[in-house]
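Asks: Starting off with a structure, shown below.
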Amino acid sequence: MRTFKPILPIILSALLSACATVGVLTGGDRDVQAPLLIKSSPAHAATQVNTTKLVLTFDEYIELVNPTETFRLEPSDAKLSVTLSKKDAVIALKGSLKSNTTYSLCIDGGIKDVAEGNDSIYRIAFSTGPSLDSLRQRYRVGDAYTKKSMQGVSVGLFATDTSKKARYLAKSNQEGWASLDFLPRDSFFLKAFLDINKNGMIEPFEPQEQLPLPSIPSNDSLAFLLSVPRDIERSYAFKVKPPGLLLGHLPQEIDLEDLRLNGVQPRSIRIDRDSIMIPLELTESGPLTFSTPFDTLNLLYTEKDLKSPLKGEMLPSAMGNPVRVVWNGFLSNQIDMTKIRLTRQDSSSVVLDSAVVENNALLLYSRSWSRGKLKAVFGPGAVQTTMGKINGQQTAEFSYSGQEDLGVLMVKFPSTLGGQRVILEKEGKLIQSHYYLKGSNLMQDTYRNLPPGEYHIVVVEDLNGNGFWDAYRPITKELAEPVRRYTKVPKVRANWEIEVDLE
0 MRTFKPILPI
10 ILSALLSACA
20 TVGVLTGGDR
30 DVQAPLLIKS
40 SPAHAATQVN
50 TTKLVLTFDE
60 YIELVNPTET
70 FRLEPSDAKL
80 SVTLSKKDAV
90 IALKGSLKSN
100 TTYSLCIDGG
110 IKDVAEGNDS
120 IYRIAFSTGP
130 SLDSLRQRYR
140 VGDAYTKKSM
150 QGVSVGLFAT
160 DTSKKARYLA
170 KSNQEGWASL
180 DFLPRDSFFL
190 KAFLDINKNG
200 MIEPFEPQEQ
210 LPLPSIPSND
220 SLAFLLSVPR
230 DIERSYAFKV
240 KPPGLLLGHL
250 PQEIDLEDLR
260 LNGVQPRSIR
270 IDRDSIMIPL
280 ELTESGPLTF
290 STPFDTLNLL
300 YTEKDLKSPL
310 KGEMLPSAMG
320 NPVRVVWNGF
330 LSNQIDMTKI
340 RLTRQDSSSV
350 VLDSAVVENN
360 ALLLYSRSWS
370 RGKLKAVFGP
380 GAVQTTMGKI
390 NGQQTAEFSY
400 SGQEDLGVLM
410 VKFPSTLGGQ
420 RVILEKEGKL
430 IQSHYYLKGS
440 NLMQDTYRNL
450 PPGEYHIVVV
460 EDLNGNGFWD
470 AYRPITKELA
480 EPVRRYTKVP
490 KVRANWEIEV
500 DLE
């Protein structure tokens, strides 16, 4: 089990830990104090309680805010019905409370004053037995990949591994901390999830994590690192890119041979782990039915789509690489290089040595590339699809970076690399990715041709050796693969070599 040492001290209170303090109003100063809870029935920490309702009395007139979501009872053995009576909040308990059990009424933003709308967090604990349970636990919640704190995450203690509803539930604050108090000395399964659809249950599409073994609360702090499990069966986000491509999300686990487009196995190309591209070269306009062994999607391929022009998109390139032009259709190898003209800003020509087709991409090679902005002119018929559709006249500008435009990072790692993927991110986008096989035993490496800017260095521990970062896997209860993220990296500068020691 992972433990987390708090960065900041946590101040615990055995009483109403989040109640607002009393303030004195003077002159025209704005009231910034939340309503003060001055009395409750039953009283906080009361024992031998046998009641069907709770009454909370505040020092001013109050309003209720979405009580179905902001009021909760832990454990949730009874449903709550909340009504308002001037300065009182009356909570009716619909259901039977269990004997010898400690309950907590938690109100998170559900009470505000009438005048200014100030709210706070309130907690009332009571027991149906002779004593209060006294264990507490704190949780730090973050994103498994970015390592950023996560707010609004539900952290729950579940009676069994398969329980749908939590016995005890807390939500993380802006700093990613959540806490539970008045817990019994029982064994629970710990789960954390971002309740996107607000149904109180963990759904496959929600960021989540479950610690693999049950445990007893022990007045400590635990860390949860959430991620969205990969859906290994569902295909989605399919769309037609006119005139001749079908693009979408298809999990790697689904064999391309099991796909059908209008009842026929289509030619399919994997773009990355979970994305594919299908040429519509033999497809007539009309309804499209795309099916896998698990689901079926219906789309429409219109006559307008079919007759759309063939166009290319120039991608930024750097020294030592071809210029890549991505088209909206699969290309044939019949490229007319005489109809492709490349020029510099001063209108001088760049000699095109060769052109190579890779599915829907055209790779342009030249020994006379020069840095800066360049222009490409594709005359009619320069390229054509596998079905003979030709491009129209098209002019596009693009940039080509030379060595003096790019920087170098020479990185020393704190431990040997082997079975990891090192990712260089700039402004949240992947710039370079390098995989190190087990046995590589490198402790430093050099990364070249980097656009200037601020970078994060991300080291992914590829525990299962599949070459990818794997999120939490709920079926096998495997945690997300560990990620080390180094953010204090010197800024990459053009034509500079920067040394980085990650120790």
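Anchor point for the sequence shown: position 46 equals 45 in numbering that gives the first Met the number 0, and the numbering is continuous, going up by one each time.
All C-beta atoms, glycine included, are put in the ideal place defined by N, C-alpha and C.
(1) Out of G418, R266, G371, which one is the CA nearest neighbour of N359?
(2) How big is the Cα-Cα spacing for S84 and R122?
(3) Assign V350 to one of two classes, buried (16 or more other C-beta atoms within 10 Å of its C-beta) or exposed (fewer than that).
(4) Just verifying my parser: in three-state terms, what is the DSSP assignment at E312?
(5) Along the chain, where does the alpha helix (DSSP H) that runs through D500 open and close?
(6) Measuring only the C-alpha atoms, how far is S119 from K425?
(7) Is it the case that the Cβ atoms of D180 and R135 are separated by a distance below 7 Å?
(8) Within 10 angstroms of its Cβ, does A42 collect 16 or more other Cβ (buried), or is it exposed?
(9) Might you give, ordered along the chain, the residues of its own chain that have their beta carbon closer than 7 Å to the beta carbon of T301, omitting 5 neighbours on each side?
(10) Using a Cβ-Cβ cutoff of less than 6 Å, which residues in the same chain neighbour T188 once the five nearest sequence positions on both sides are dropped?
(11) Closer than 8 Å by C-beta to K238: which residues in its own chain qualify, once you throw out the five before and the five after it? Chain order, please.
(12) Under 6 Å from any heavy atom of the ligand ATP, does the C-beta of N218 make it?
(13) In whole angstroms, give me the CA-to-CA distance for Q392 and G319.
(14) Our contact map puts L408 next to L449 with C-beta atoms below 8 Å; I'd like the distance itself, whole angstroms only.
(15) Looking at C-alpha atoms only, which residue of F289, R272, R229 is the closest neighbour of N261?
(16) Does the distance from the CB of M149 to the CB of G175 come in under 7 Å?
(17) Pull up the CB-CB distance for Y434 and G464, whole angstroms please, since I reckon it's below 8 Å.
(18) Measuring alpha carbon to alpha carbon, tell me which residue in R272, R166, A124, Q47 is nearest W468.
(19) Residues in its own chain within less than 6 Å of I270 by CB, not counting five upstream and five downstream?
(20) Below 8 Å on the Cβ atoms is my guess for R139 versus S220; work out the distance and round it to an integer in Å.
(21) Nearest CA to the CA of E205: which residue from P473, R484, V499, N218?
(22) Judging by CA-CA distance, which residue of A169, K197, L255 is the nearest neighbour of T291?
(23) Taking E190 and Q173 to be in contact with their CB atoms under 8 Å, please state how far apart those CB atoms are, rounded to whole angstroms.
(24) Does DSSP put P278 in a helix, a strand or coil?
(25) Considering only DSSP beta bridges, list what Q383 is partnered with.
(26) Take the Cβ of S103 as the centre, count every other Cβ of all protein chains shown within 10 Å, and call the residue buried at 16 or more, exposed below.
(27) So K52 packs on A77, CB below 8 Å; how close in whole Å?
(28) When the Cα atoms are used, what is the spatial distance from L55 to G141?
(29) I'd like to confirm the pairing. Which residues does DSSP put opposite P286 in its beta bridges?
(30) Between the Cα of P203 and the Cα atoms of I231, N332, G418, which residue gives the shortest distance?
(31) Just how far apart, CA to CA, sit T385 and E312?
(32) Rounded to the nearest angstrom, what separates T475 and T127 at their Cα positions?
(33) Counting Cβ pairs closer than 8 Å, one from the stretch 453 to 460 and one from the stretch 475 to 495, do we hit at least three?
(34) With a Cβ-Cβ cutoff of 7 Å, do L305 and P242 count as a contact?
(35) Taking the alpha helix (DSSP H) that P66 belongs to, which residues open and close that run?
(36) Give the single residue among P379, A317, D444, L423 whose Cα lies nearest to the Cα of F397.
Replies: A quick look at the data gives this:
(1) R266
(2) 19 Å
(3) Using a 10 angstroms sphere on the CB of V350, the tally of other CB atoms stays under 16, which defines it as exposed.
(4) strand
(5) Here D500 belongs to no alpha helix (DSSP H); instead the beta strand (DSSP E) covers 496 to 500.
(6) 39 Å
(7) yes
(8) With fewer than 16 other Cβ atoms from the protein chains shown falling within 10 Å of its own Cβ, A42 counts as exposed.
(9) S284
(10) Before going further, note that residue 188 is Phe rather than Thr in the sequence given. F157, D160, P213, listed in sequence order.
(11) L245, L246, G247, L298
(12) Summarising the ligand content, the structure contains no ligands, and the ligand ATP is consequently not present.
(13) 28 Å
(14) 6 Å
(15) Just measuring C-alpha positions, the residue of F289, R272, R229 sitting nearest N261 is F289.
(16) yes
(17) At roughly 10 Å, the Cβ-Cβ gap does not stay under 8 Å, so Y434 and G464 are not in contact.
(18) R272
(19) M276
(20) 6 Å
(21) P473
(22) L255
(23) One point to set straight first is that residue 190 is Lys, not Glu, in the sequence displayed. Rounded, the Cβ-Cβ distance is 21 Å, inconsistent with contact.
(24) strand
(25) I389
(26) buried
(27) Not confirmed; about 10 Å, so no contact.
(28) 34 Å
(29) L299
(30) Comparing Cα positions, the closest option is I231.
(31) 18 Å
(32) The alpha-carbon separation between T475 and T127 amounts to approximately 38 Å.
(33) In this structure the stretch 453 to 460 lies against the stretch 475 to 495, because at least three pairs of beta carbons, one per stretch, are closer than 8 Å.
(34) yes
(35) 66 to 69
(36) A317
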